[in-house]
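Presented below is the structure to which this report refers.
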Amino acid sequence: MKALVFDDALRFDPRRPEPAAADGDTLIRVHQAGVCSTDLEITRGYMSYRGILGHEFVGTVVDSPDAALVGQRVCGEINCPCGRCDLCRSGLSNHCRERTVLGILNHDGAFADHVRLPATNLHVLPAGVDDDRAVFVEPLAAAFQITRQLRLDSKTWVTVLGDGRLGLLVAQVLRNAGCPVRMIGKHAEKMALCEKWQIRSRGLNDIAPRHDQDVVVDCTGSAAGFELAMRLVRPRGTIVLKSTVAQGIPLNLAPLVIDEVTVLGSRCGPFGEAIRALADDAVDVLSLVHKRMKLEQGVEAMELAGRPGVMKVILTM
Ligand SMILES: [Zn+2]
Numbered sequence: 345m346k347a348l349v350f351d352d353a354l355r356f357d358p359r360r361p362e363p364a365a366a367d368g369d370t371l372i373r374v375h376q377a378g379v380c381s382t383d384l385e386i387t388r389g390y391m392s393y394r395g396i397l398g399h400e401f402v403g404t405v406v407d408s409p410d411a412a413l414v415g416q417r418v419c420g421e422i423n424c425p426c427g428r429c430d431l432c433r434s435g436l437s438n439h440c441r442e443r444t445v446l447g448i449l450n451h452d453g454a455f456a457d458h459v460r461l462p463a464t465n466l467h468v469l470p471a472g473v474d475d476d477r478a479v480f481v482e483p484l485a486a487a488f489q490i491t492r493q494l495r496l497d498s499k500t501w502v503t504v505l506g507d508g509r510l511g512l513l514v515a516q517v518l519r520n521a522g523c524p525v526r527m528i529g530k531h532a533e534k535m536a537l538c539e540k541w542q543i544r545s546r547g548l549n550d551i552a553p554r555h556d557q558d559v560v561v562d563c564t565g566s567a568a569g570f571e572l573a574m575r576l577v578r579p580r581g582t583i584v585l586k587s588t589v590a591q592g593i594p595l596n597l598a599p600l601v602i603d604e605v606t607v608l609g610s611r612c613g614p615f616g617e618a619i620r621a622l623a624d625d626a627v628d629v630l631s632l633v634h635k636r637m638k639l640e641q642g643v644e645a646m647e648l649a650g651r652p653g654v655m656k657v658i659l660t661m
């Protein structure tokens, strides 16, 4: 099959072996898949991953131990837990000690003609969530995770740092949660999108951090984002970290102690809520599609997705 592989270098492989069958898993023919900043970070060394990239996908089930799934259009959760360890048994299977993660940790990803996942990871998509919307289910679920971790209401002043792919989803989800949301970004066209969505936005160079935000969500994908977040958050406020950055920089963490700031890591979230929001058109994702490219152009597509200001690049199989 065709696949986009990272093994020290990124390359398109026209004759990659089909993924090997494992007990109880389901074979999916991938229709299309979205390029995520995590994919780009992996090519810079994040997670030391080697294999087929890609974890935001939509496809059709070809073969499954769950006969009802065959022929269904699905997207899939990316964590594959062992089901036996202490974390799995305590209900934290997304944090399973033995987990594999689609396209990120010991599990070939979805930038390929076919992908395998346990049937329990799959979500059947309603007709209203077409393939272009469906590739956003995984990152949108990650945005919804914040609403599970924090109590948010109309009095919670939120700043979203970073007007990239994930930041623009987070801002919409938190607006829908009723919070006064402000986006801080760098790109005029993203600011125009925020205006269309009735989300206030400011240019990075136009702000004066005043330690007055209840919640600051760092979606910058850069190590510098956290430093700015520390200057924006109020004492006893919360910084939510959404970026996975391979690069490490020295940081003075004393402000977190002095201001008694809570730092909250936030990763994968509820697919059901994301699918419902897309079916209800509560979140605009189609405005985030930058370009569709064939899997054969995967190397070029990744390079494009890494350019400043470029939104979602979709690979079609
Ligand atoms: Zn486990």
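Mind the numbering: the sequence shown is residues 345 to 661 in this note's numbering, read in order. The C-beta atom is built at its ideal place from N, Cα and C for all residues, glycine as well.
For R611, the shortest separation between its Cβ and any heavy atom of ligand 1 does not lie below 7 Å. Here L585 has D562 and G609 as same chain residues with Cβ atoms under 6 Å from its own Cβ, once five neighbours each way along the sequence are excluded.
The beta carbons of Q516 and V627 sit closer together than 8 Å. The C-alpha of P470 lies about 28 Å from the C-alpha of G427. If you look at K534, you'll find it in the alpha helix (DSSP H) that goes A532 to K540. An exposed status is given to P358, since fewer than 16 other beta-carbon atoms sit within 10 Å of its beta-carbon. A heavy atom of ligand 1 is found nearer than 7 Å to the CB of C440. In this structure, L446 has its beta carbon at no less than 7 Å from each heavy atom of ligand 1. The DSSP assignment places complete alpha helix (DSSP H) segments of no fewer than 4 residues inside the stretch 508-534 at 509-520, in order along the chain. When secondary structure is reduced to three states using DSSP, L595 falls in the coil class, being assigned neither helix nor strand. According to the DSSP assignment, Q416 belongs to no beta strand (DSSP E), since it is labelled neither H nor E.
At a Cβ-Cβ threshold of 8 Å, K346 and L576 do not count as neighbours. Note on I593: under 16 other CB atoms within 10 angstroms of its CB, so exposed under the neighbour-count rule.
With respect to the 8 Å criterion, V633 and D476 are classified as neighbours on the basis of their beta carbons. Put simply, the stretch 526-539 touches the stretch 496-514. At least three CB pairs are less than 8 Å apart. In the structure shown, G453 adopts coil according to DSSP, grouped into three states. The beta carbons of R443 and N465 sit no closer together than 8 Å.
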